[in-house]
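These protein sequence lines map, in sequence, to chains A and B. Using my numbering, you'd call the opening residue of the first sequence number 1 and step up by one each time. Using my numbering, you'd call the opening residue of the second sequence number 1001 and step up by one each time. Below is one structure, written out as structure tokens, with a few remarks after it.
Number of protein chains: 2
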Amino acid sequence: MTDLVDLAALRDAARRIDGIAVRTPLLESPWPDLWLKPETLQPMGAFKIRGAVTAISRLGAAERARGILAHSSGNHAQAVAYAARRLGIDAHIVIPDNAPARKIEATRGYGATVELVPLTERFSRPAELQRETGKAMIPPFDSLDVIAGQGTVGLEIAEDAPDVAVVLVPVSGGGLISGTAAAVAALLPHAVVIGVEPELAGDAAASFRAGVRQEWSPHDTARTMADGLRTFSVGHLTWPHIQAHVADIVTVTEDEIAEATRRLLIDGRLLAEPSGAVSAAAFFFHRDRLPPGRTVAVISGGNIDPAVLRSLLA
Amino acid sequence: MTDLVDLAALRDAARRIDGIAVRTPLLESPWPDLWLKPETLQPMGAFKIRGAVTAISRLGAAERARGILAHSSGNHAQAVAYAARRLGIDAHIVIPDNAPARKIEATRGYGATVELVPLTERFSRPAELQRETGKAMIPPFDSLDVIAGQGTVGLEIAEDAPDVAVVLVPVSGGGLISGTAAAVAALLPHAVVIGVEPELAGDAAASFRAGVRQEWSPHDTARTMADGLRTFSVGHLTWPHIQAHVADIVTVTEDEIAEATRRLLIDGRLLAEPSGAVSAAAFFFHRDRLPPGRTVAVISGGNIDPAVLRSLLA
């Protein structure tokens, strides 16, 4: 039996992130029935700050004094670096040396020690560091503390839109949807939470259909432009949350992701990264698969590469 | 003697806009010392919703039943149309027939009756309508109710950043800066409010230096890309607020406005219209003229023309 995050854990997380993460507003959109939850407004541009702060702040005094470890090539690295600085804790982040320079600089900019490693050592080196230093590892999604932190998104939606019918959430490792769905199930039993994934990285949708957690090849998931959603499987702790609380997982095409990112910017005035716009893509292009009524799309992040932004607008 | 908006009027306005305007968060930016107040997140993309809701909701029952009038080619038209719909009141908006189709459609989309008139009739036709129908006119800035509504921006800044040293506010007719400065003067006497204007539409800066309200030619103010800041003079009611509460008005060049708009989007993940980005431009390029310390730039609107956006990113 795996534990699921409950309301008490979610509310504890909400207290821990208060004053560090942004309490994002729920925005009316130009599209009837659609509201947007802009996690793009977080200090490092994505929801991941919520889970990082929750997990780090729950460490004991000895662990905090020792400092923490994380590995990531994306938003998680920046979130852990930012959260650690705000909580006054040393962070050591392992990043593959092919990660975008922009993200490496941002992580360093938050004061973390960044160690660049060859792609092949991106899992082995952090494990080695953990053994050698005894530092606590902050995982990107497969942790009940991280899930509870990301789930504060769901608490806020329940507060701002108690009459919501559908909540659309991007799925990668599953931390955001697990926590959000736990909150919605506890507070809004009439609402459904639906995951959204790129068709080209549709491991969670395939898992959901099969009823069994599937792993895809990283070579396959790397095909999507939604670089935050290339994780090749949901986690061992997130999967039971998805099974318990998520009503469906739909997939969207690359063209749909690009068009949704463009519409959010041009008509919705919101800069999203492609990974953050998949939820809106499901609303725009697959509404026939969604229940009717007031819908919230979680726009999970805004760290778009400037070259990608230019090409979307060209 | 002209009345100035006081704290009681500001707090009354805050109650009136609650649940209609977005309570925008104060966002940490990638630039040390700079925080952003993103009014771009309002339903129609600009702070003007605050003043429109305040002014309309203060009308008496008979005036509300009669419906309201407004004239504008920009964000004010959309704000009045949106506010009227939310408050269940008919709105008749006069718009010059050379206004962008995008803004005309948006105003109609909020359910207002839109009347297009030749540019030469943009003031005479609304006055005629007012005489004929007895409908109340909602002015874009020169109204104590509108000033109080816009000033809720200042109340929120005082709540979220009580240690702020400098608040930078775009200036056009002066409604936003008048209300914001009234709030800051009442609640944060240690902080200064500084207006920012395009050099090419620098009538308020010239007025401030001269100590006397100046009018510029509309042909001159039309030169700036900041189309929301082309008003050729501050108002008769806003001018005394500026004299009483504003510490300085600085001007920024067109290149500085363009670069600030670009930086806000690429590095700050915030889509601003050029008019909304002038405050950030003052921080980026004229910090030598500003007091040191924690600075808030009000990013007043996000209704940028897609063609302008593309050209900024090209």
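Note that CB positions come from ideal geometry on N, CA and C, so glycine has one too. The model shown is predicted, which means the values in this text are computed figures rather than measured ones.
Beta bridge counterpart(s) of residue i as assigned by DSSP
i	result
A/I138	Answer by DSSP bridge pairing: none, since A/I138 is not bridged.
A/D18	A/A21
B/E1197	B/T1251
A/V164	Per DSSP, none; premise fails for A/V164.
A/G301	A/A46
A/V192	A/V166
B/P1038	B/I1299
A/L27	A/L36
A/V278	DSSP, once it has assigned bridges, lists no residue as partnering A/V278.
B/V1117	B/P1096
8 Å Cβ cutoff met for residue i and residue j
i	j	result
B/V1080	B/A1052	yes
B/I1056	B/I1147	no
B/G1179	B/V1005	yes
B/P1198	B/A1226	yes
A/A297	A/L27	no
B/T1152	B/A1314	no
B/S1279	B/I1266	no
A/A91	A/G74	no
A/L176	A/Q214	no
A/G276	A/P162	no
B/A1077	B/I1095	yes
B/V1192	B/A1247	yes
B/G1045	B/G1302	yes
B/V1184	B/G1154	yes
A/P218	A/G173	no
A/V114	A/I93	yes
A/A9	A/L144	yes
B/H1236	B/A1182	no
A/T251	A/A205	yes
A/T54	A/I104	no
B/L1200	B/T1224	yes
Reference residue i; option with closest CA among the options
i	options	result
A/I20	B/E1121, B/D1160, B/G1202 and B/G1276	B/D1160
B/T1120	B/A1136, B/A1099, B/G1134 and B/T1113	B/A1099
B/W1239	B/D1142, B/A1070 and B/I1266	B/D1142
B/I1157	B/P1025, B/G1067 and B/Q1130	B/P1025
B/R1085	B/R1102, B/F1232, B/G1111 and B/H1076	B/G1111
B/P1032	B/L1309, B/L1312, B/T1295 and B/I1304	B/T1295
B/D1203	B/H1219, B/V1184 and B/F1232	B/F1232
B/Y1082	B/I1049, B/I1104 and B/G1293	B/I1049
A/P291	A/W216, A/L200, A/I249 and A/D18	A/I249
A/Q243	A/P274, A/R223, A/F208 and A/T224	A/F208
B/R1125	B/L1168, B/L1069, B/L1087 and B/V1167	B/L1069
A/G134	A/F123, A/V22 and A/A62	A/A62
B/R1230	B/G1060, B/H1236 and B/D1220	B/D1220
B/P1274	B/L1237, B/V1022, B/L1312 and B/G1060	B/L1312
A/G263	B/P1306, B/R1263, B/T1224 and B/G1228	Sequence check: residue 263 of chain A is Arg here, not Gly. For the residues B/P1306, B/R1263, B/T1224 and B/G1228, the minimum Cα distance to A/R263 belongs to B/P1306.
A/A136	A/S29, A/W216, A/R310 and A/G60	A/G60
B/S979	A/V22, A/S29, A/D97 and A/R16	The structure shown does not extend to residue 979 of chain B, since chain B spans only 1001 to 1314, so no value can be given for it.
B/L1034	B/H1241, B/A1165 and B/L1187	B/A1165
A/A281	A/A65, A/R11, A/L168 and A/L309	A/L168
B/Q1130	B/A1186, B/H1071 and B/I1304	B/H1071
B/F1047	B/W1216, B/G1228 and B/D1003	B/G1228
B/V1304	B/L1087, B/R1058, B/E1132 and B/R1102	It is Ile, not Val, that sits at residue 1304 of chain B in the sequence shown. Here the closest residue by C-alpha is B/R1102.
beta-carbon residue i near the ligand NAP non-hydrogen atom, thresh 7 Å
i	result
A/R85	This structure does not include the ligand NAP; it has no bound ligands of any sort.
Subject >> beta strand (DSSP E) segments (min. 3 residues) lying fully within the stretch 216-267 of chain A >> reply: The stretch 216-267 of chain A contains these whole beta strand (DSSP E) runs: 248-252.
Original post:
Using 8 Å as the Cβ pair cut-off and three pairs as the minimum, do the stretch 32-42 of chain A and the stretch 267-281 of chain A touch?
Top reply: Yes, the stretch 32-42 of chain A touches the stretch 267-281 of chain A.
Subject >> Inside the stretch 1052-1114 of chain B only - alpha helix (DSSP H) runs reaching at least 4 residues >> reply: Taking only runs of at least 4 residues, the alpha helix (DSSP H) segments lying wholly in the stretch 1052-1114 of chain B are 1061-1066, 1075-1087 and 1101-1109.
Subject >> contact_flag[the stretch 1246-1266 of chain B, the stretch 1278-1286 of chain B] where n(CB pairs < 8 Å) is 3 or more >> reply: Yes: at least three Cβ pairs fall under 8 Å.
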